[in-house]
Amino acid sequence: MKFLFVLFILSFSTFSTFSTFSSLAQVDITTVNQSTKEQKIKSDLEALHKQYDLRSWIYTDKVLVDQGAKVPYSHPVITMSTQNKYLENKIKLLSTYLHEQFHWHVIINGKPSMEGFRARIKQDFPSVKVGFPYGSRDEGSTLSHLIVCYLEYIALTQLVGKQKAQENLSTNGYYKWVYATILDSKNEEKLDRMLREFGLEFRSSKL
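Numbered by mature numbering (1 follows the signal peptide of the UniProt record, and there is no 0), the letters in the sequence shown go through residues -25 to -1, 1 to 182 in order.
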């Protein structure tokens, strides 16, 4: 019996190591200038891939780290910036990394056209706050971010727990109206329904 228990532990350890390697092996993280800050973000992203199984949320496998980027962005290639909040807080880095991956999820897997996508969101959220620090640059982008940020919240909750996820998103200095809206439990049913309509739901229990 003792031998079988040890064998089980060794097998589990081997499986965990393989899973971790697979998560990291999916992405190619490249620094633009090979600076100290860029190398730190790259190293932390690699560590996050080892700490968490992110395979379910990898929609593009190319990632750049650029100290010249003012903010992270998703297209044409996910580009992570090197602000102090990302250098000092791995949950912030993880959350933003997932956010940029979910932009790709919406484009690759979303069912309606972008126009139809935004029109449907506006049915449930007719009044949005646009511009920094409340929303994105225009109404359409702000509407899209309701879905992207909700997906970010769901994934982060699964990884670090609901309390830490809420604390992280509610303290962001940008998209403040968007995050307040998706964190409001009164909007959960509407947002979940739209994820299913758009083909963006990844939680099996919700399907």
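Positions of the beta carbon are idealized from the N, C-alpha and C atoms, including for glycine.
Put simply, of N59, T156, Q58, V38 the residue whose alpha carbon is nearest the alpha carbon of S49 is V38. The beta carbon of D99 lies closer than 6 Å to those of K165 in the same chain, with the five residues before and after it left out. Of the other Cβ atoms in all chains shown, fewer than 16 fall within 10 Å of the Cβ of D36; this residue is therefore exposed. Following the DSSP letters along the chain, one finds D36 in no beta strand (DSSP E), marked with neither H nor E. In this chain, the alpha helix (DSSP H) harbouring T117 covers 114 to 135.
Taking one beta carbon from each stretch, the stretch 141 to 148 and the stretch 86 to 100 have fewer than 3 pairs nearer than 8 Å; the two do not touch. D99 carries a helical assignment under DSSP once its states are collapsed to helix, strand and coil. The DSSP-derived three-state label of T71 is helix. The three-state secondary structure of D3, taken from DSSP, is strand. Proximity to K139 across I33, S70, L62 peaks at S70, based on C-alpha coordinates.
Restricting attention to Q26, K25, T54, the CA atom closest to the CA of N8 is found in T54.
In terms of CA proximity to A155, Y125 leads the group K12, H74, D41, Y125. Sixteen is the threshold: when 16 or more other Cβ atoms of the shown chains lie within 10 Å of the Cβ of M169, as they do, the residue is buried.
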